[in-house]
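Novice: Quick one: this structure, given as structure tokens, is what I'll be asking you about.
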Amino acid sequence: MDLMKSYSWPYNLNQLKRVLKELIVRTTTPYILYDDVNYILSTEAGKDHVLLDGYYGINTRKTLQEINRDVVTFVLEEEKE
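Each residue of the sequence shown is one higher than the one before, counting from 41 in our numbering.
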């Protein structure tokens, strides 16, 4: 619980919901384990964008070139599925 509380949640409630869903799917025990939370949150820290209920959240603190690259990468990843 301390890990969850201390995380900054840059994408707010939508990110929290997505992380909780990932934790529920990932867990194999009656309780969500510290290691699972730590792993999921560590992968969140490296993400520049998050899919939020069909909305592509864009990190606007980047340059236009970086944003364009992120959008193209996102589309390519989506089309791969």
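Glycine included, every Cβ here is placed at the ideal spot set by N, Cα and C.
1. Can you give me the start and stop residues for the alpha helix (DSSP H) that residue 73 sits inside?
2. Output the distance between the C-alpha atoms of residue 118 and residue 71, rounded to the nearest integer angstrom.
3. Could you name the residues of the same chain whose beta carbon sits closer than 8 Å to that of residue 75, not counting the 5 residues immediately before and after it, in chain order?
4. Short of 7 Å in beta carbon distance, which residues of its chain neighbour residue 56, apart from the five on each side in sequence? Order them along the chain.
5. Roughly how many angstroms separate the alpha carbons of residue 105 and residue 69, rounded to a whole number?
6. Excluding the 5 residues flanking residue 47 on each side, which residues of the same chain have their C-beta closer than 7 Å to its C-beta?
Specialist: Working from what's here:
1. Taken as a continuous stretch (DSSP letters only), residue 73 belongs to no alpha helix (DSSP H), as it is neither H nor E.
2. Spanning the alpha carbons of residue 118 and residue 71 requires a straight line of approximately 31 Å.
3. Counting only residues of its own chain and dropping the five nearest sequence neighbours on each side, residue 75 has no CB closer than 8 Å to any other CB.
4. By the criterion of a C-beta distance shorter than 7 Å, residue 56 is surrounded in its chain by 49, once the five residues flanking it on both sides are discounted.
5. Rounded to whole angstroms, residue 105 to residue 69 spans 44 Å at the Cα level.
6. Excluding its 5 nearest sequence neighbours in each direction, residue 47 has C-beta neighbours in its own chain below 7 Å: 81, listed in chain order.
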